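A short worksheet on the structure shown next.
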Amino acid sequence: MDRAWVKASLDWFPRFHDIPDWYLEDRVDDGVRMPAGVWRESLNGLCSAVPPTETGTITAPTLIIWGERDELLSRDDQETLAAAIPGSQLIVYDDTGHLVLWEQPERVADDLTDFVSETRGDRAGRDQE
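Position in the sequence shown (from 1) plus 2 gives the number in the numbering used here.
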């Protein structure tokens, strides 16, 4: 893959928090290593994918993290997803775009750690009943 094309494809996503240059360059390096056919099929898959909630009920503990400035996926989409997954938790990150993990990695790590701890605590409580 052409390095300039990969960089431009990543630059297409608006970002509202600083992301270290080294991290962005690592993502470009990842993209350059991916064959063009994988890029094509990934994009085709994203366009034609059926949401998993339409093919069955998700019963696993689910954390949904969404950036409120995401221009690809709407808040309604996230609320619909959360409503379709029993017991799921939706966390909205203010002033954050589609690439939540890139923009706020520490907060994502904290929220995920808390979610897993709460989930394990709930499961331990159910196991004792």
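Where is the CB? At the ideal position from N, CA and C, for every residue including glycine.
On a predicted model such as this, the values are computed, not experimentally measured, just so you know.
Are residue i and residue j close, meaning C-beta to C-beta below 7 Å?
| i | j | result |
| --- | --- | --- |
| Leu92 | Ile66 | yes |
| Lys9 | Val30 | yes |
| His100 | Asp72 | yes |
| Phe15 | Thr98 | no |
| Ile87 | Ile60 | yes |
Roughly how many angstroms separate the alpha carbons of residue i and residue j, rounded to a whole number?
| i | j | result |
| --- | --- | --- |
| Thr121 | Pro63 | 7 Å |
| Asp96 | Trp68 | 9 Å |
| Pro53 | Asp116 | 26 Å |
| Arg5 | Leu75 | 27 Å |
Since residue i sits in a beta bridge, which residues does DSSP pair it with?
| i | result |
| --- | --- |
| Gly69 | Tyr95 |
Can you list, in chain order, the residues of its chain with a C-beta nearer than 7 Å to that of residue i? Leave out the 5 residues immediately preceding and following it.
| i | result |
| --- | --- |
| Ser90 | Thr64, Ile66 and Ala84 |
Please classify residue i as buried or exposed, where buried requires at least 16 other C-beta atoms within 10 Å of its C-beta.
| i | result |
| --- | --- |
| Glu105 | buried |
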